[in-house]
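One structure below.
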Amino acid sequence: MPNLAKHERLAGAALSALAFAIVALGFFAVIGEPPLATLLSMVEYAVGDRYSLSETLVKMTPILFCALAAIVPARLGLISVGAEGQFHIGALIGTGMMLWTQPFDGWLLLPLVLFGGALGGALFGWLPGILRARLSVNETITTLLLNYVAVLMVSAAVYGPWKDPGNLGWPATIAFPDAAVLPQLFGTRVHAGLLIGLLLALCLHVLFRFSRWGQSLDILKGNVRVGRMMGLDYRHHVVIVMALGGALAGLAGIGETSVIQGRLQPGISVGYGLTGFLVAWLAGHNALLAVPVSFLIGGLIAAGDTLQLFNKIPASSATVLQGLMFATALAVPGLIALWRSRRG
Amino acid sequence: MDEATLILIAGWVAAILRSATPLLFVTLGETLSQRVGIINLGIEGEMLAGACFGFAAAATTGDPLLGLIAGGAAGVVLSMIHAGLCIGLGANQFGSGLAVWMIGLGITSFYGRAFVGGQVDASGSLGGSWVSDSPVLGQLLDNLSWTALAAVLLVLLAGFLLYRTRTGLAWRTVGEAPEAARAAGLSVPRIQVSGVLLGGFLAGIGGAVLSVDYTQTWAQEMTKGRGLVAVGLVIVARWNPYLVLPTVLVFGGAEAAVTRLQAGGFALSSHVLASLPYVIALLVVIGAYAWGRRGSGMPEGLKGVFAIRGS
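Protein chains in written order, with numbering that gives the first Met the number 0: chain A, 0 to 343; chain B, 0 to 310.
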């Protein structure tokens, strides 16, 4: 909501939340569930007790990273939807690091695995970045297509050379050794990746606000020609933000694979990339705001899983609700503008 | 050339055209939407909805034609969300398209679960006793359903409408110069909504052709990015409906050739093979940018959306 004043943005956010609640109630009514009761049990399943809360934080972790992966390029006005693919390539290269260095099994293993994840993701950000910088190829289309390539590369690895014969045919690699896995917290599935994500969100926010780099991005986003007159290299910055965004999504991929899944296998992501993009958008491409929003959407997805378990409502309802939330958030600023112009 | 070779070639052409038919509908739909200045990434969700609800209708009624119509209707319903958000409320077109994609993804896996593993009858083949005296023609037509013919005719019709009629002129003006269109008394929103809805209709039919006619099954997320490939191919076809036909066929041909490589004994992982359509689509899009004049043929009204700023 770029053209609105601050109090209007707050009103807009409140209105979006209200509109979404109404739309969600409507959706539950359409699928024949008691609307209010279902909505309330979703809230309960998201944050109701210690276990629910921990599962929400588990889902929030990759979403936060993927949101930051969309936010960094967006600071330059680029629309990267490649987090899903970067997530998978990060998981792939990170797992590769584990497989190659596993015989040494020292303290270096974990940093190497994480580095591999970041490197893989960065590669799948760098590629659309360089294409955009050199040939002006639209980054939205290339990142979307690369997502499918990346997912299939993971499948090729786990059905092929990396399949552990000990799995009795199940397509998965060997399990990550403890030395290659981030520590888990409070005796739950929540892991240190969440803390890294929170720290990164804070760092990025500070960098965007106060660093020369952040200023350069703002100038170039506003007007490339003005930036160039000030000696800023647009192409250089395009490649940097795309690769950096990719590295963040790659970290999400390796974190999810090593800690939550324990091994590389198909289905490591339930659309975290696209969800992260939604979060980035809802947060207005503000790195700090991405934290509460990814908590919210993490809760929605976790509640969707529990809803399937206890209320026999398919978990895909969470996907529908995400889409509807996105649509309402896109609609509300337009509705406010329309209402304002009606009043003259 | 002897007859055996001709029959072989006819078989190839039929196979390529058959597998390219869904993409032909979808790419044509996206082309029309973009010609009025609206890019629609939601076409992926619209195609998926067409595949799901088209299959459901065909499986329930036993009539493939009803399936195609239901698929088209599902595409229209989803594209109405996109039209409302972008044209009615001025939302970002990429954001809105992704929202529509998400809704399509969620709804089809929600309602499609009941139809996984179902069976349908495909719409009839073009062949018949009347071509029995020509084995080459028989080979071609027996392997094609009338949807392939309809797709080819629609491409020609869309090209004719766009370049040779007053309506087409109005559409092109809206896409190229909305201000001038407004000054000329055209209703820009009305024409843009028509373009998006028609695009959604064709995408829905394309999805239904995929599930009802081609695979004859429904599987979740079965379009697997075909709609997004179509968005890329529109650029390659330079926003020209006529060029959609050769573009999609060359793409389909490359895909078919690669699939035959594996049959020819190349030990490629089936997953690597499955990724080739996306790689090919990427390469042709990159080629279109590298060798064409940048953005040539792109409707002026789209340039703001694509944010080409002389970089």
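Yeah, the Cβ is synthetic: ideal placement off N, Cα and C, and Gly gets one too. Source: prediction; values computed, not measured.
Using a C-beta cutoff of 8 Å, does residue i count as contacting chain A?
i: residue 39(B); result: no
i: residue 46(B); result: no
i: residue 102(B); result: yes
i: residue 148(B); result: no
i: residue 34(B); result: no
i: residue 68(B); result: no
i: residue 204(B); result: no
i: residue 89(B); result: yes
i: residue 302(B); result: no
i: residue 98(B); result: yes
i: residue 224(B); result: yes
i: residue 289(B); result: yes
i: residue 17(B); result: no
i: residue 115(B); result: no
i: residue 213(B); result: no
i: residue 112(B); result: yes
i: residue 280(B); result: yes
i: residue 167(B); result: no
i: residue 227(B); result: yes
i: residue 195(B); result: no
What first and last residue would you give for the alpha helix (DSSP H) that runs through residue i?
i: residue 215(B); result: Element bounds for residue 215(B): n/a, residue is neither H nor E.
i: residue 29(A); result: 5 to 29
i: residue 307(A); result: 289 to 310
i: residue 11(B); result: 2 to 34
i: residue 324(B); result: This structure does not reach residue 324(B), given that chain B is present from 0 up to 310, and the question cannot be answered.
i: residue 114(A); result: 108 to 134
i: residue 335(A); result: 315 to 342
i: residue 171(B); result: 165 to 175
i: residue 187(B); result: 187 to 207
i: residue 45(B); result: 42 to 60
i: residue 141(A); result: 138 to 158
Contact check, residue i vs residue j under 8 Å by CB: the rounded distance?
i: residue 200(B); j: residue 53(B); result: Not confirmed; about 12 Å, so no contact.
i: residue 19(A); j: residue 327(A); result: 5 Å
i: residue 247(A); j: residue 64(A); result: 5 Å
i: residue 176(A); j: residue 264(A); result: Going by Cβ atoms, the distance from residue 176(A) to residue 264(A) rounds to 16 Å, so no, they are not a contact pair.
i: residue 289(B); j: residue 231(B); result: Not confirmed; about 14 Å, so no contact.
i: residue 144(A); j: residue 228(B); result: 7 Å
Helix or strand or just coil, what does DSSP make of residue i?
i: residue 87(A); result: helix
i: residue 214(A); result: helix
i: residue 124(B); result: strand
i: residue 219(B); result: coil
i: residue 190(A); result: strand
i: residue 138(B); result: helix
i: residue 300(B); result: helix
i: residue 118(B); result: coil
i: residue 95(B); result: helix
i: residue 51(A); result: helix
i: residue 264(A); result: coil
i: residue 308(B); result: Caution is warranted here: a pLDDT of 41 is assigned to residue 308(B), below 50, making its placement in the model unreliable, and the coordinate value is therefore given only provisionally. Here residue 308(B) sits in coil by DSSP.
i: residue 78(B); result: helix
So, does the CB of residue i fall closer than 8 Å to a CB anywhere in chain B?
i: residue 99(A); result: no
i: residue 350(A); result: It is not possible to answer for residue 350(A), since the shown part of chain A is limited to 0 through 343.
i: residue 44(A); result: no
i: residue 313(A); result: yes
i: residue 243(A); result: no
Can you grab the Cα-Cα spacing for the pair residue i / residue j, in whole Å?
i: residue 316(A); j: residue 273(A); result: 16 Å
i: residue 104(B); j: residue 117(B); result: 19 Å
i: residue 192(A); j: residue 81(B); result: 36 Å
i: residue 172(A); j: residue 9(B); result: 44 Å
i: residue 225(B); j: residue 330(A); result: 27 Å
i: residue 286(A); j: residue 65(B); result: 48 Å
i: residue 196(A); j: residue 251(A); result: 9 Å
i: residue 79(A); j: residue 32(B); result: 22 Å
i: residue 37(A); j: residue 41(B); result: 28 Å
i: residue 73(B); j: residue 49(B); result: 5 Å
i: residue 218(A); j: residue 226(A); result: 6 Å
i: residue 198(A); j: residue 190(A); result: 14 Å
i: residue 89(A); j: residue 180(A); result: 15 Å
i: residue 300(B); j: residue 186(B); result: 15 Å
i: residue 28(A); j: residue 21(A); result: 11 Å
i: residue 419(A); j: residue 277(A); result: The structure shown does not extend to residue 419(A), since chain A is modelled only from 0 through 343, so no value can be given for it.
i: residue 287(B); j: residue 139(A); result: 16 Å
i: residue 296(B); j: residue 171(B); result: 11 Å
Going along chain C, which residues have a C-beta under 7 Å from residue i?
i: residue 109(B); result: Chain labels in this structure do not include chain C; the protein chains are A and B.
Quick check: does the Cβ of residue i come within less than 7 Å of any heavy atom belonging to the ligand GTP?
i: residue 60(B); result: The model depicted lacks the ligand GTP and carries no ligand whatsoever.
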